[in-house]
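These notes are about the structure you will find just below.
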């Protein structure tokens, strides 16, 4: 199984990568490649050029910056999973990272690649949405910050311009309680439905695979702020979601799972 | 494009199309056919190799991404005189393979599992093997072999 | 002479001997078909039908033909003159069976998504893939036949030239009046409909092959990932017209088969005729995404199962009606698969009356054929599910209903109502051991505790007892079933001048460890080390005769042939020894690889000396030919009947419907065990495939006949993370059918496991009123069963 032909360019800096991207509108960024290469092998994506940013130095890091943790876009799932800083400051991310795909996938896939792919069925995007993370993008006109709530635009569509590169993800600390409920049939599979719940001063809940984009469980969050019990909040969990049916689950079953998993996640928060 | 990869300790060079996957580089350019292809979707893990010491699915890595890096394949585990690595020996002693097609991938991912855990229990091994499929063994003896290898390798340290 | 097992002779049979196959496989040195480097080999890539049923209107290959590296782009019309016969079906189960002509490339119509339409041959794989993408085929879509219960109505036809979707109707109805009477007089009856979903065998090695024509012309070596090099050679000859003498078939290391490589495939035939036409080697390796459509599927049946029983639970009659999905075409043994189960729908139970009817139906889906167990898992599922239903109707424990109906141990050999003679077994003992191992009473108590506490983690315990007919097969019985080949196996045992031993077998291992086990049989008999025995196989030039490996036959038929050939070699050696030692043959005994004079153990002649003598031939007795070698073709007098009891313990999450297999206990009787380590490995793998059918796997089609889960990302072969370790035990009742007393174990695990798991799922929900759960027991399906049952209460 082979992808279609493409030009391969390796960027040594973010600026160089942006210039390469600007030169070809069908170019795509290659980070770990674990979202993109499978699509290319199936010829569901046929970019004319791949701009490999994997060798750009200083894009893989986890560091504390004030009340946030900054994570370089090239930080691999495995590094997120095992980062002591994240385990301490944003433990939900380590937990989520440890259940993405399988260990070999986690050795290559990156948080930036997964996030920029913007898949509503992927684990990181929903976690970042629940955390209220900030995406840092760099493009020809410089650097900008995009709130997670503004980042995921549609099915596999993000706020990134074609010549912009996601370089950093900033996540707030302070969500000390957390729960991750991932429901699938095999451990290696994508979530049929997943729920990320974090609690600091407030409780945020993110949904995996309950719509074309990652979602916040707005109805749940509102009920909780209004003092509702776990059961009451969970009972409306699927409000405002738009799950689709596939070979793994019907729409109704996904809605049901959303309610059950939210209940479990909130109970886990204690 | 030219790629230079250290494969099983040896410098190897090849001229490849950019779309060449690491598994094609190994099998077709370097004639290392121990690494197998079992699916198209990064699901089965038959193609697992070590890239800079960590397990990766070589069907989902471009040869270009391995340029300048070190790859270990199943051919690189045994001693030059053919003495099997303790993990390979544990696979044989525990009858952890039947047809042997998934075996190179199982062994390579297990190398990573062993390296990443100071201690191992059955549940950890089973989770570690989640990305590698076997149709013959029901995994029972593969799990036993990895646990046995941990014990054997721990003892030799 | 005596050849009794003397205490001085170390037994090798029964040892947990490590496999000699392993070092090569563990080091990457073994060669699978796709690993073979053949200079100049051209690459075949196929353009396949995207439609389940369509008329081919037009093929435009011009763009593809002019692409770099392309050698040929050929349609079915282009290749029609290459075929001496259509693709083979070796099992015309009835004289009037309908078998639509099936050629490697479709010509006018396509009948399933994935059928080969255009062959693209290029110098490299990548060039062939690119060129195949440039071939344009126009189709006119036709209505596909997809559902068996629709197919049987003939409302639309899978094959336009046939007047019905039925390929055949096959019945086994030895005493219809007795069946009628039993149902008329029954105190209780059970009437169930079960669906055996289609399964994708998914051997980890995709099919691969390379055909190498001799540079001198005329001869072809076919390397293929096949279970059946011998049968394949015959079929290649018949289909292409190439004389069998010009064909050599080699199966290199083969990465699993499970029946899916027990076939003759379009791609094998295409590589061969393209190599003939282009005078160059041609190779093909399937991608997983095409293999899931183009390699046979398994199962695919709707079963209507009825039991009649009296008030104390004794079953008096079993009546079965089957609809069996042939798929679009009859492959090598497609129509015979349901027949392999036809004799076993009464399972391990002593019943009065029996009736079986099967209708084989064409659909516009991938052809079905043998998949691990082939007919017997389906039969076992139906009877073991129905027995649980009977137990529930009588408020009886599932173990108790089985005890009351078992064929008693003292009845063996047991002539079954379906006409088989079961060789040996102790079904009560299997059940008792399994229940004991499981801690059955404690599990039931735990189940009650959870129910009483309203625990949403429901516990279910499922029991399944099975018997299978293995050791395929007595050739005369095959003849009575219209099978187009025999069931014998061939072996040669050859003691070389240096006293090393070569064993040539007609079996074709692909993971079963024959090299190890066969060497143990011979070494045990000869009193030598297995390390001195080499096993040669899977190459028709080296092992010219054979019936290959499937149907748990290799040990009981092939192993027996080897055992008997070894015996013959010893008989010949005895003649030479007696002559050399100048004693009567009856005064010698064979112990520890030497012939010695009875009562005078100092007077002895080692086998090694006799082997050299047979080579020099300087002093052989009159009438004895040089060389110490014997060949045998053994046709078994009967099937063998492995049996056992399996118990599954599941936890069902009431809120999500998720089923987790918590424990699995299996007690199997495969007769004597040559290498218990290998036996256990076979059981582990078999159990997993049955669990996979019960919980995870199903080939799913949409309304247009597209396979929806064609990749291993979507077709859920379970991983280690979904499964527990297994708890195994065994009983041993040696089979009297063969001198080794063996029965076979390749399929046992798969046959016992699916009903055990589903019985456990239903058991977990029984107090809610759930009585059935279709396979696979997906979380959503189980959740909706719980919902329906709760709503009905």
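Protein chains in written order, with the numbering used here: chain A, 29 to 298; chain B, 148 to 304; chain C, 2 to 794. Quick reminder that beta carbons are idealized off the backbone N, C-alpha and C, glycines included. Treat the numbers as computed from the prediction; the structure is a model and nothing was measured.
Is the CB of residue i under 8 Å away from at least one CB in chain A?
i                      : result
residue 628 of chain C : no
residue 219 of chain B : no
residue 130 of chain C : yes
residue 656 of chain C : yes
residue 340 of chain C : no
residue 787 of chain C : no
Please go through the same chain and pick out, in chain order, the residues whose beta-carbon is closer than 7 Å to the beta-carbon of residue i, but skip the five residues on each side of it.
i                      : result
residue 508 of chain C : 490, 515, 538, 547, 549, 550, 555 and 559
residue 265 of chain C : 88, 89, 233, 236 and 333
residue 793 of chain C : 770
residue 544 of chain C : 505, 506, 507, 537 and 538
Among the residues of its own chain, which have a CB less than 6 Å from the CB of residue i, if the five just before and after it don't count?
i                      : result
residue 636 of chain C : 476 and 489
residue 152 of chain B : 159, 213 and 218
residue 62 of chain C  : 74 and 136
residue 247 of chain A : 264, 267 and 268
residue 87 of chain A  : 100, 101 and 102
Counting only the same chain and skipping the five closest in sequence on each side, list residues whose C-beta sits under 8 Å from that of residue i.
i                      : result
residue 373 of chain C : 202, 259, 260, 299, 687, 690, 747, 748 and 751
residue 429 of chain C : 404, 407, 409 and 410
residue 655 of chain C : 457, 458, 459 and 787
Which first and last residues belong to the beta strand (DSSP E) in which residue i is found?
i                      : result
residue 232 of chain A : 231 to 236
residue 214 of chain C : 209 to 214
residue 181 of chain A : 180 to 182
residue 595 of chain C : 595 to 598
residue 316 of chain C : 316 to 328
residue 205 of chain A : 205 to 211
residue 648 of chain C : 644 to 654
residue 607 of chain C : 601 to 607
residue 194 of chain A : 193 to 200
residue 363 of chain C : 354 to 363
residue 163 of chain A : 162 to 167
For residue i and chain C, any beta-carbon pair shorter than 8 Å?
i                      : result
residue 124 of chain A : no
residue 215 of chain A : yes
What are the boundary residues of the alpha helix (DSSP H) that includes residue i?
i                      : result
residue 143 of chain A : 139 to 145
residue 49 of chain A  : 42 to 50
residue 251 of chain A : 246 to 253
residue 272 of chain C : 267 to 279
residue 283 of chain A : 279 to 297
residue 168 of chain C : First-last for residue 168 of chain C: 167 to 173, but that is the beta strand (DSSP E), not the alpha helix (DSSP H).
Assuming contact is defined by CB atoms lying nearer than 8 Å, are residue i and residue j in contact in what I supplied?
i                      : j                      : result
residue 609 of chain C : residue 754 of chain C : no
residue 645 of chain C : residue 467 of chain C : yes
residue 335 of chain C : residue 90 of chain C  : yes
residue 257 of chain C : residue 205 of chain C : yes
residue 133 of chain C : residue 122 of chain C : no
residue 390 of chain C : residue 326 of chain C : no
residue 231 of chain C : residue 159 of chain C : no
residue 305 of chain B : residue 192 of chain B : With chain B covering 148 to 304 only, the question about residue 305 of chain B has no answer from this structure.
Hey, does residue i have any beta-carbon neighbour from chain B nearer than 8 Å?
i                      : result
residue 419 of chain C : no
residue 35 of chain A  : yes
residue 331 of chain A : Residue coverage of chain A in this structure runs from 29 to 298, which leaves residue 331 of chain A outside it and unanswerable.
* Residue ranges of each alpha helix (DSSP H) run of no fewer than 4 residues wholly in the stretch 671 to 727 of chain C, ordered along the chain? -> With a minimum length of 4 residues, the continuous alpha helix (DSSP H) runs that stay inside the stretch 671 to 727 of chain C are 677 to 696.
* Taking the runs of the alpha helix (DSSP H) that are 4 residues or longer, which of them lie wholly in the stretch 474 to 530 of chain C? -> Within the stretch 474 to 530 of chain C, the complete alpha helix (DSSP H) runs of at least 4 residues fall at 476 to 481 and 515 to 527.
* Asked: What residue ranges within the stretch 400 to 451 of chain C form continuous alpha helix (DSSP H) runs of no fewer than 4 residues, ordered along the chain?
  -> Within the stretch 400 to 451 of chain C, the complete alpha helix (DSSP H) runs of at least 4 residues are 428 to 439.
* Contained beta strand (DSSP E) runs [length at least 3] in the stretch 18 to 49 of chain C, N- to C-terminal order -> For the stretch 18 to 49 of chain C, the full-length beta strand (DSSP E) segments reaching 3 residues or more read 43 to 49 along the chain.
* Could you pull out every unbroken beta strand (DSSP E) segment of at least 3 residues lying fully inside the stretch 734 to 774 of chain C, listed in chain order? => The qualifying runs do not exist here; there are none.
* Runs of alpha helix (DSSP H) wholly within the stretch 557 to 584 of chain C (minimum 4 residues, chain order) -> Taking only runs of at least 4 residues, the alpha helix (DSSP H) segments lying wholly in the stretch 557 to 584 of chain C are 561 to 582.
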